[in-house]
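Residues are numbered in this note's numbering as their position in the sequence shown, beginning at 1, plus a constant of 1220. Just so you know, even glycine gets a beta-carbon here, dropped at the ideal spot from N, CA and C. Since this is a predicted model, take the numbers as computed values, not measurements.
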Amino acid sequence: MIGILDGYVDEPSCLGVPPYMAPYPRYIAGMLEKLGLKWRYATADEYRRNPEIFQKAEKIIVIAGIAVPGKYLGGKPLSLRELFSIYPDKEKILVGPIILELKEEMEGYTAIPFPFEYKLYQHLGGKAENLSRNFVNEFAVLGARVVREHPDFPNVICEIETYRGCYWKRCSFCIERIHRVSMRSPKAVIDEIKALYSNGVRHFRLGNQTDFFTYMADFSREYPKPDPDFMKSFHRAIWKECPKIKTLHLDNVNPKTIAEYPEESREIIKIIVCYQTPGNVAAFGMESADEKVIERNNLLAHPNEVMFAIEMMNRYGRHAGYNGLPYFLPGINFVFGLKGETKETFQKNYDFLMDILERELLVRRVNLRQVKVFDFTPMAEIGERNVRRHKRYFKLFKEKIRKDFDRRMLERVLPKGRLLRDLRVETRSGKISFARQLATYPILVGVVGEFERNTFVDARVVDYGERSVTAVPELDINRASLHQLIYIPGIGRSTASAIIARRPFRDEGEVERTVGEEKLRILKRYLFLPKS
Ligand code: SF4
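If you want it as structure tokens, here you go:
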């Protein structure tokens, strides 16, 4: 038996930290199926809970690497230190972005760099003559059933790869330069979605590409030209084959594409609003609003182009859908520590964000991170010099954005009283359960109440943290706890206590006589009341 240890990946164009599942474990499981080898899959968190899990495995394939680190609620990525201590006496193979970080060979491991699929197949004894031309697609379908072994199944979002690489490849810090641009055929993508769907998956993210709008675009031009007709037929085909999908989202969109091809992009935005599910976010890799930094690092999009793209997306995507989230919003990524960065860079980035607020636009989230420098990128010339130099500015900037921008934006995106549906509880702390919707860039919601992991609740927004909201579950007034009642805006402790003391209520009139007309109106908005 061969063990597949999913240590989780996070790359610019691929996320595999729970509830997300990257394509790599699925490709590997399919490859082992093709080779007629028995396999077992486990996540890093399962391995930590039970280190004996692969005791019977003769080899272990470890997938790992966090190239764009974030904060993760759903799982803890495998660290380098942990990698050293895994089954010292077993043969181990390492794949994933972690290999880009290794300065020397790692004892006990055979490291197989990207694209690893064919090399790994050969390493495991596979013969080239037995492979079809589209062998990765074949592996993807054969390995689909691995999702059932994921501890969060069926609450897993499968990251689907549409294409690899970036046509630009020139941004100084970006690791996408390692990939040659290669499209997967729409048929292959849909076959994989079908295979996952028939295994019970209902949540998908067309997330593994650098710019979704340029999937199957015309790459013969300087900037690939998107194809709305293709996009429409692609989405229609997905729904035809898999009509009960619950989540269909995407990840990256390059704002440059929208600025260069506004007509085609407008059509594609409308298609996405129509055929994908609400709560969708297009992450815009803006990186910097400082023209000097843009030039020194060969960044692609300029601030006026990004603003244009944000405005266009707002025009069609900002209204709320059935799950309480806006249909389709942009997210913005900034990277700090790049070449040419000065104190003014921070001010320019700040001004850009304030401009978004002034224009009354919505963005789902702003991601601020310091550059992670890889030896094979042009950023290696200066390494982390600017990261170290501007460490203090970065900290202050982050605090300022959290205070001046994030909260105000959150209040706009999710106003008080908004009902959020299908919040999946992930952890609990005291009387608050932390939940998120199964979505791309889901908002963290502190649901007032004690719920078990994997419970689904609907709750209304009552308050805001810096990057999270607090919500009270939709409950019957006769069942809500004192704690939950107190959290409802306008209902203080004394009213909440009076409600508890007077319960059970048989009709609205009884509630009104207890709390008064004004508070009855508030309660009707947040709770279920018995009908008069
Ligand atoms: S546009 Fe730049 S940052 Fe974005 S994927 Fe391409 S090379 Fe990387």
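State yes or no: is the C-beta of residue i within less than 7 Å of the C-beta of residue j?
i	j	result
A1277	E1231	no
V1493	Y1547	yes
F1528	V1473	no
I1313	T1330	yes
L1520	K1476	yes
L1588	L1549	no
Y1661	I1708	no
L1470	L1416	no
V1366	V1376	no
N1428	A1364	no
E1566	Y1536	Residue 1566 is actually Phe in this sequence, not Glu. No; because the gap between Cβ atoms is not below 7 Å, this pair is not in contact.
L1558	N1524	no
Y1247	F1424	no
I1218	A1262	The question about residue 1218 has no answer, for the chain in this structure spans 1221 to 1752.
I1283	G1316	yes
K1563	A1509	no
E1646	L1293	yes
I1413	F1334	no
Y1387	P1446	no
What did DSSP end up calling residue i once you bin it into helix, strand or coil?
i	result
Q1590	strand
C1394	coil
K1316	Going by the sequence as given, residue 1316 is Gly instead of Lys. G1316: coil per DSSP, three-state reduction.
P1546	strand
P1374	coil
R1245	With the sequence shown as reference, residue 1245 is identified as Pro, and Arg is not the correct amino acid for it. If DSSP states are grouped into helix, strand and coil, P1245 belongs with the helices.
I1492	helix
M1403	strand
V1667	strand
V1229	strand
D1459	Sequence inspection shows Trp at residue 1459; the Asp mentioned does not correspond to that position. In the structure shown, W1459 sits in a helix (DSSP, three-state: H, G or I).
D1683	strand
N1354	coil
K1279	strand
K1744	helix
T1647	strand
R1641	strand
V1501	strand
M1221	coil
T1467	strand
G1290	coil
S1717	helix
G1712	coil
S1653	strand
P1693	strand
D1510	coil
V1418	According to the sequence displayed, residue 1418 carries Ser and not Val. The answer is helix: DSSP assigns S1418 an H, G or I state.
L1322	coil
G1427	strand
S1440	coil
R1723	coil
E1381	strand
R1263	Reading off the sequence, residue 1263 comes out as Thr, not Arg. Of the three classes helix, strand and coil, the one that applies to T1263 here is strand, per DSSP.
Out of the options, state which residue places its alpha-carbon closest to the alpha-carbon of residue i.
i	options	result
I1576	F1594, K1563, G1551 and Q1590	G1551
S1352	S1299, N1375, M1251 and S1418	M1251
G1666	R1656, R1723 and C1386	R1656
M1326	Q1342, F1336, G1346 and S1305	S1305
V1677	Y1481, L1573 and G1544	G1544
M1506	P1498, G1499, N1517 and V1526	V1526
V1731	I1697, G1712 and G1710	I1697
G1650	E1672, V1633 and I1663	E1672
M1451	I1488, L1664, R1605 and A1721	I1488
I1652	T1690, V1409 and L1643	T1690
L1225	L1298, N1350, L1573 and L1643	L1298
D1449	Y1338, C1462 and S1485	S1485
V1607	S1405, M1599, E1619 and V1591	V1591
K1323	R1584, I1332, D1309 and D1595	D1595
R1648	F1336, E1670 and G1637	E1670
I1465	S1717, Y1443, P1245 and Y1495	Y1495
The segment 1287-1298 touching the segment 1375-1390, judged by at least three CB pairs closer than 8 Å: no
The segment 1382-1396 / the segment 1252-1262 touching (three or more Cβ pairs under 8 Å): no
Assess contact between the segment 1241-1251 and the segment 1364-1373, defined as three or more Cβ pairs (one per stretch) separated by less than 8 Å. Is contact present? yes
At least three beta-carbon pairs within less than 8 Å, the segment 1619-1626 to the segment 1682-1690: yes
Segment contact, 8 Å Cβ cut-off, at least three pairs: the segment 1448-1458 with the segment 1498-1516: no
Pairing CB atoms from the segment 1436-1447 with CB atoms from the segment 1480-1487, are three or more of them under 8 Å? yes
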